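A.B. asks: If you scroll down you'll find the structure; I have some questions about it.
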Amino acid sequence: MKIVLAGSSHWHAEMHLDAARFCGAEIAGIWDEDAQHARAFAMRQHLPFIADFAKILSGPPDAILLMGHPFTMPARARTVIEAGIPLILEKPAASSTAALAELRDLARQHQAFVSVPLPNRFGPAVTAFERLRCQG
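Structural data, given as structure tokens:
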């Protein structure tokens, strides 16, 4: 599976890169609004640098993991959904519930695959808490 990490300046970018590599995914490229950051991140990780977001869509990869600022994420997410590329949408994905609802509706309209990563849901702290809760 070829994945593009779009938004390498996001604080979860390293975590997502590790997870993708662990699962055997091929990282098809690194992009960020701050091209210098993306270039440096890509060089550090020995990965392809993508300067233009539109080039991601023309690839296309098997999935795009989109990270970034909640003010710019909805527009980029819309372009990914409309392009028919599976989307992993990092939080916060928008600055309002209305903007999220629009993305939800667009994804339904296009029957698009859109997921939100919840890495801590089954992490050690949550599973320990659940075990203690079950013990009373």
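Take any residue in the sequence shown, note its place counting from 1, add 70, and you have its number in our numbering.
Backbone N, C-alpha and C fix where the C-beta goes; we use that ideal spot for every residue, glycine too.
This structure is a prediction, so every number in the text was calculated from the model and none was measured.
1) Quick check: the Cα distance between Ala168 and Val74, rounded to an integer number of angstroms?
2) Assuming contact is defined by CB atoms lying nearer than 9 Å, are Leu117 and Val150 in contact in what I supplied?
3) Can you give me the start and stop residues for the alpha helix (DSSP H) that Val150 sits inside?
4) Out of Ala83, Asp104, Glu200 and Gly206, which has the shortest C-alpha to C-alpha gap to Met137?
5) Which residue wins for smallest C-alpha separation from Leu159, given the options Pro189, Ala108 and Arg109?
6) Give the secondary structure of Phe119 by DSSP, where H, G and I count as helix, E and B as strand, and everything else as coil.
7) Please work out which residues of its chain come closer than 6 Å, Cβ to Cβ, to Pro156, disregarding the five sequence neighbours upstream and downstream, and give them in chain order.
C.D. replies: Taking the structure as given:
1) Taking the first residue of the sequence shown as position 1, residue 168 is located at position 98. Taking the first residue of the sequence shown as position 1, residue 74 is located at position 4. Using only the alpha carbons, I get a separation of about 27 Å.
2) Your numbering for residue 117 matches position 47 in the sequence shown. Your numbering for residue 150 matches position 80 in the sequence shown. No. Outside cutoff.
3) The count along the sequence shown starts at 1 and reaches residue 150 at position 80. First-last of the alpha helix (DSSP H) with Val150: Met143 to Ala153.
4) Indexing the sequence shown from 1 puts residue 137 at position 67. Closest by alpha carbon: Ala83.
5) Within the sequence shown, the letter at position 89 stands for residue 159. The shortest C-alpha separation from Leu159 is found at Pro189.
6) Along the sequence shown, one-based indexing puts residue 119 at 49. In this structure, Phe119 counts as strand in the three-state DSSP scheme.
7) As a working note, residue 156 is residue 86 in the sequence shown. The answer, listed in chain order, is Ala133 and Phe183.
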